[in-house]
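Below is one structure, written out as structure tokens; comments come after it.
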Amino acid sequence: MLTEAENKTLTETHPSSAMGNLIRKYWQPACLSQELRSDGAPLRIKLLNEDFLAFRDSEGKVGVIEPNCPHRGANLFFGRNEQCGLRCAYHGWKFDVKGQCVDIPNASEQVAIQLKPKAKVRALHIKEQADIVWAYFGEGQAPELPKFEFMQVPPEQRFVSKKFQQCNWAQAVEGGLDTSHFSYLHAGIRDGMKVGLHEVSSRNQVRGDNEPVSLKRLRWLAEDGAPRFTVKAHKAGLLLCAARTGDQGQTYWRMTQFLMPNHSLTPGNFPEDTSLANTWVPIDEHSCWIFCYAWHPDREIGEKERARLAAGSGIFAEVDDDFMPIRRRENDYLISRERQKTVSFSGIEGISEQDQAIADSQGFIADRTKELLVQTDLGVVRFRNLILSEVMKENGAHPLGSQDPDAYLVRSGDHVVPQETSLDKVIQERFGNYGGQWI
Amino acid sequence: MLTEAENKTLTETHPSSAMGNLIRKYWQPACLSQELRSDGAPLRIKLLNEDFLAFRDSEGKVGVIEPNCPHRGANLFFGRNEQCGLRCAYHGWKFDVKGQCVDIPNASEQVAIQLKPKAKVRALHIKEQADIVWAYFGEGQAPELPKFEFMQVPPEQRFVSKKFQQCNWAQAVEGGLDTSHFSYLHAGIRDGMKVGLHEVSSRNQVRGDNEPVSLKRLRWLAEDGAPRFTVKAHKAGLLLCAARTGDQGQTYWRMTQFLMPNHSLTPGNFPEDTSLANTWVPIDEHSCWIFCYAWHPDREIGEKERARLAAGSGIFAEVDDDFMPIRRRENDYLISRERQKTVSFSGIEGISEQDQAIADSQGFIADRTKELLVQTDLGVVRFRNLILSEVMKENGAHPLGSQDPDAYLVRSGDHVVPQETSLDKVIQERFGNYGGQWI
Amino acid sequence: MLTEAENKTLTETHPSSAMGNLIRKYWQPACLSQELRSDGAPLRIKLLNEDFLAFRDSEGKVGVIEPNCPHRGANLFFGRNEQCGLRCAYHGWKFDVKGQCVDIPNASEQVAIQLKPKAKVRALHIKEQADIVWAYFGEGQAPELPKFEFMQVPPEQRFVSKKFQQCNWAQAVEGGLDTSHFSYLHAGIRDGMKVGLHEVSSRNQVRGDNEPVSLKRLRWLAEDGAPRFTVKAHKAGLLLCAARTGDQGQTYWRMTQFLMPNHSLTPGNFPEDTSLANTWVPIDEHSCWIFCYAWHPDREIGEKERARLAAGSGIFAEVDDDFMPIRRRENDYLISRERQKTVSFSGIEGISEQDQAIADSQGFIADRTKELLVQTDLGVVRFRNLILSEVMKENGAHPLGSQDPDAYLVRSGDHVVPQETSLDKVIQERFGNYGGQWI
């Protein structure tokens, strides 16, 4: 539970807010690479309560710049993206990806030379990596990009997308960190009884001795709705470990990474499975873009899996051409009360959509002054504490992880062990050096 | 005419307002019984500027509760209505119709036992009667339900519905009390001349000696647009009596009941006719639900009449599946300027729709600081005075009628008498003991 | 560049604003004559941040009155327009085009006689001329109508319309005065190169010795994007003269009239061409109506030209039945990035739509505190200075042109002269006495 002031601090990211100041010290995904074509249409993007235009120039370089022409304030969105610059449609002033004004055709050459330096528009530091345009919204020197594993693998081993979420970023993050809700929100219903993850369980019906671990864990999710949480701090964030009772003296561990300031690597995967992660980038106080990453360290993401993810599966939502989820706030996520009785606990199709629905349902900004937290909310509590303490750091101090790209090379995932196994051993066995650089 | 402060007092019903405090001392219709199915979808209802969820449990009992789960604030609208409770879709906390938390599955049993009392959510007092879910929004002990006649008759003798109105509740009530507008707003046009009530008059053309009283009165309505009002106070509200000149020394009386704090029994009926009444329940300051009741003390409402009311007739609007009128503010009530020339004074189809249009047209909240009231506005004036004086009562005093259910067993209606007949005699003749318990 | 206070002064026109006070000292177009039929539907018009109803009575006279009935505040929009007055649909109070209350049928005759003078509603001074309903929003005596040339010609020589613009009036005016943008915003693209005005150039391909001046000037527009501006002040406003380099020692002059407080006569025409002008009337701070006038002093506007203007051409937009442009803010003016590469500089169809797009793109109210003005913005600067200085005039002083109808009988247009010709001679040659009454 937070005070009203703490809740405000956690959730607001406009340029004059404390959290806005913090998040601007980290690289953030600005858009997908595929959204920008060379000399194509500029893309309007609003992030952290600020408006920008992204465009890809004739040489393939990406610029993310202030949208208004410094001459008379016309929006460069209507400009022509031509010959390595965006040219204003009103009087032809032209700007390159760095925001430099490179042409002022409605003034004499002499005047133009003097004016150009004053006519520079704000441009973000940009790096394009892993099919994502990354931007650094801060001032001054940008740090190195964080070394996420999905950035390190070849393109064939990766699939990325994004989706729009109609609520404040922080409660959506909290949904990602709170893996205890898998036992409810994502559960299936069979014969009126709650069973494991609907999406998978409805396709598989093997039971008994031949039940594979991939199905067992769904059963464990359904059977143990009160997992025990342990949280470990590392140099880029937190490893959130949830223990559930398995079969015959076994413990089923699901381990989630939270990486500063707004990334998460999701659990639910064994080593053979595809890894998944998210970044929640605030648009304004009431909405955010959720960037979604799927990758495998060792093998390709095949065409079939790629098509499935693109159509909406797991953390990937079914979206339209503008990356707006088909099932969303305005249509109550197309909830079916009939299916809620017979097929899935939520009556909403899609893991992602279930997560989005429940986060939206907390309000545009969740009221954290009224809560009754329990032990399974430990991950959520530690996330809030970490953010609020980093926000408090002296001006000038580098917040956790921001200058430490290697600290982001971590993994999340599941493990099944005899119940007496220590958590340290669990982490070592499952992740080796990819657990985190412990603080 | 009111001061700005008085207008604010009259119209605002949020929990910290004076009128909000008053109205919370009376039972109010919350929704129709038919809107809630056992173990069916919860219904979002906003009333008196507060959000609630209504649901009917496995045993048929109705709950109207706060919408947000006390755990992490997820909206219980997405919950499962199952086995006598609404279970949150996020982590499975479950609440019964009284708001009691009956299950906290993501905590240990010991923790859950301690938490449940703290996890109670606000639930309104509920009674279901006359096909309506009645709620008491106040704190503490609820009084008895008011004994409206339509509550006392068997279901076959009653038909109820509701409709949405896009303006403040009070001006909509005033439209119901101001029966003088029948001579204009609801008039028909024939051969370019204003004639009686369009809806009826267009179907009937009998004149002269054989003209029945049901048509005569429509002619009187058209001919006498300045009725003389007398208002009598009783223990649940006001009896508003309007006298119009009839034929050959007769007086045509139309008598309307206003019942505290927001009910009205409409005039226009002789003893053989169906009785009609309304309740205007504020949703927020800019909209309200109008509950509509039709009944007859002695005979059934037949299938044909029932179908006609359901399709929109008289005080019943033509509505869609969500009880939104088809003809409404956004589409200018489908006014036809052609029909306004040739068929009806307003050019809008439907008595209800005409009333709704004119109330909406006064603005979202009518500006009562600018008015030029005349004698026919007496009912409106007395309504305002009564509300404002009841609002002023000492805290703790019971407002008029709130503890007096029998005082609501009154009737409204029309009567034709020789002009020398005293009003008291008129009332006695027409209503007997159903006029009101005079103060 | 303006201060924030100056920008506010320039752009706000509500009744208690300085600019609102200024503009109310001039006649303004309120609607098109064609929008009002005798005894037809009243038209809701919002102008200068105030709501009115316009209606044409049985005798053809036009009234523009306050919308709310003084009795109980019902909106007279739903009233009956009958027998020389608008009758309220609620209780039948009736008002004539002067706002006089001429009937109060729900009161006794004696009461009605006393009430009628108090029941007068505000009515604007109205004159109907040149197919336009002109209104004087100020108090007291209205001056004479300004003598625009399009008002003086017979109806056959004139075509008028209007269009909705979704931004503050002042930046839309500035777009009309800033003719330097013709070299960019309205340019065509051929073989990847910017060429003259797209709309015309795409239809004509004559070059070389036979190139007519009507095409030459388009080439000059494309070739000289930095015209030299000279501004001359006269008794109704400003003559803005832009010189571009023509062929072989010639200068191509384009001369625009700005007429107080919100009119412009556009350039681009030689004597044989149709003349064009606009008035930008604020609706509220974020939108305006642009009235569009086409006329020729000496010849008829033929059916073919009339049809072309009605369909959208030049300053006339393609509009729907409510005069809303088909290409507008919500649909990004149907910009085609493909056509922006190959056909037109903007990718937007229509000169008018290009102007509207770029003005809207400056924001709902352009931020004039952040600008980098150049010499070609001289006309814009002089417009602002003139408005701001007239706003500052002592109360009671008549602002420029407001009492001087003859000063509006001026013309705009183009001229081609040897480069040594003085501007005074250019103006004398091209306009004679129609240049302006110099101050």
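Protein chains in written order, with our numbering: chain A, 1 to 439; chain B, 440 to 878; chain C, 879 to 1317. Heads up, the beta-carbon is just placed ideally off N, CA and C, and yes, glycines get one too. Computed from a predicted structure; not experimentally measured.
Can you check which of these residues, the options, is closest to residue i by C-alpha distance?
i                      : options                           : result
residue 1070 (chain C) : A:324, A:367 and A:80             : A:80
residue 391 (chain A)  : A:2, A:23 and A:14                : A:23
residue 880 (chain C)  : C:1309, C:1308, C:1295 and C:1243 : C:1243
residue 895 (chain B)  : B:778, B:504, B:671 and B:522     : Residue 895 (chain B) lies beyond the stretch modelled for chain B, which goes from 440 to 878, so this question has no answer here.
residue 360 (chain A)  : A:368, A:329 and A:389            : A:329
residue 573 (chain B)  : B:522, B:501 and B:635            : B:501
residue 931 (chain C)  : C:1260, C:948 and C:955           : C:955
residue 1114 (chain C) : C:1261, C:890, C:895 and C:896    : C:1261
residue 396 (chain A)  : A:331, A:15, A:13 and A:21        : A:21
residue 1216 (chain C) : C:913, C:1067 and C:1264          : C:1067
residue 39 (chain A)   : A:6, A:57, A:69 and A:10          : A:57
residue 779 (chain B)  : B:624, B:467, B:513 and B:503     : B:624
residue 824 (chain B)  : B:697, B:530, B:473 and B:494     : B:697
residue 695 (chain B)  : B:650, B:472, B:685 and B:679     : B:679
residue 458 (chain B)  : B:466, B:476 and B:448            : B:448
residue 72 (chain A)   : C:1240, C:1205 and C:1154         : C:1240
residue 75 (chain A)   : C:1096, C:1233, C:1294 and C:1138 : C:1233
residue 1294 (chain C) : C:1103, C:1173, C:1092 and C:946  : C:1092
residue 1003 (chain C) : C:942, C:1198 and C:992           : C:942
residue 1319 (chain C) : C:981, C:1256 and C:938           : In this structure chain C extends from 879 to 1317, so residue 1319 (chain C) is not present and cannot be described.
residue 762 (chain B)  : B:474, B:781 and B:690            : B:474
residue 1061 (chain C) : A:104, A:216, A:412 and A:234     : A:104
Is residue i buried or exposed, if buried means 16 or more other CB atoms sit within 10 Å of its CB?
i                      : result
residue 706 (chain B)  : buried
residue 972 (chain C)  : buried
residue 842 (chain B)  : exposed
residue 1050 (chain C) : buried
residue 709 (chain B)  : exposed
residue 398 (chain A)  : exposed
residue 248 (chain A)  : exposed
residue 151 (chain A)  : buried
residue 140 (chain A)  : exposed
residue 571 (chain B)  : buried
residue 346 (chain A)  : buried
Tell me, please, whether the segment 997-1007 of chain C touches the segment 966-983 of chain C by the rule of three or more beta-carbon pairs shorter than 8 Å.
-> yes
Given a limit of 9 Å on CB to CB distance, which residues of the segment 344-374 of chain A reach chain B?
-> 345, 346, 347, 348, 354, 357, 358, 359, 360, 361, 362, 363, 366, 367, 368, 370, 371, 372, 373 and 374
Contact residues within the segment 470-503 of chain B, judged by C-beta distance below 7 Å to chain A | 479 and 480
If you measure beta-carbon to beta-carbon, which residues of the segment 982-993 of chain C are closer than 8 Å to chain B?
-> 982, 983, 984, 985, 986, 989 and 993
Residue ranges of each alpha helix (DSSP H) within the segment 791-841 of chain B, 4 or longer | 817-831
contact_flag[the segment 479-486 of chain B, the segment 139-146 of chain A] where n(CB pairs < 8 Å) is 3 or more | no
Can you give me, in chain order, the residues of the segment 1120-1138 of chain C that have a beta carbon less than 9 Å from any beta carbon in chain A?
-> none
Do the segment 312-322 of chain A and the segment 156-176 of chain A touch if we need at least three Cβ pairs shorter than 8 Å?
-> yes
According to a CB-to-CB cut-off of less than 8 Å, which residues of the segment 599-625 of chain B neighbour chain A?
-> none
Is the segment 1243-1257 of chain C touching the segment 1029-1038 of chain C, taking contact as three or more C-beta pairs under 8 Å?
-> no
Short-range partners of chain B found in the segment 375-400 of chain A, where Cβ spacing is below 9 Å = 375, 376, 377 and 380
In chain order, which alpha helix (DSSP H) runs of at least 4 residues are fully inside the segment 1135-1190 of chain C?
-> 1181-1189
Taking only beta carbons into account, state which residues of the segment 308-341 of chain A come closer than 9 Å to chain B, listed in chain order.
-> 332, 333, 335, 337, 340 and 341
Ranges of the beta strand (DSSP E) found wholly within the segment 120-168 of chain A, counting only runs of at least 3 = 125-129, 132-136 and 158-165
Answer yes if the segment 613-632 of chain B comes into contact with the segment 737-747 of chain B, meaning at least three C-beta pairs across the two stretches below 8 Å, and no otherwise.
-> no
Could you name each continuous alpha helix (DSSP H) segment of 4 residues or more that falls completely within the segment 888-952 of chain C, going from the start of the chain to the end?
-> 896-901
Contact set between the segment 1005-1038 of chain C and chain B, restricted to residues whose Cβ is under 9 Å from the partner = none
Scan the segment 1083-1111 of chain C and note each continuous alpha helix (DSSP H) run of 4 residues or more that stays entirely inside, going in chain order.
-> 1091-1101
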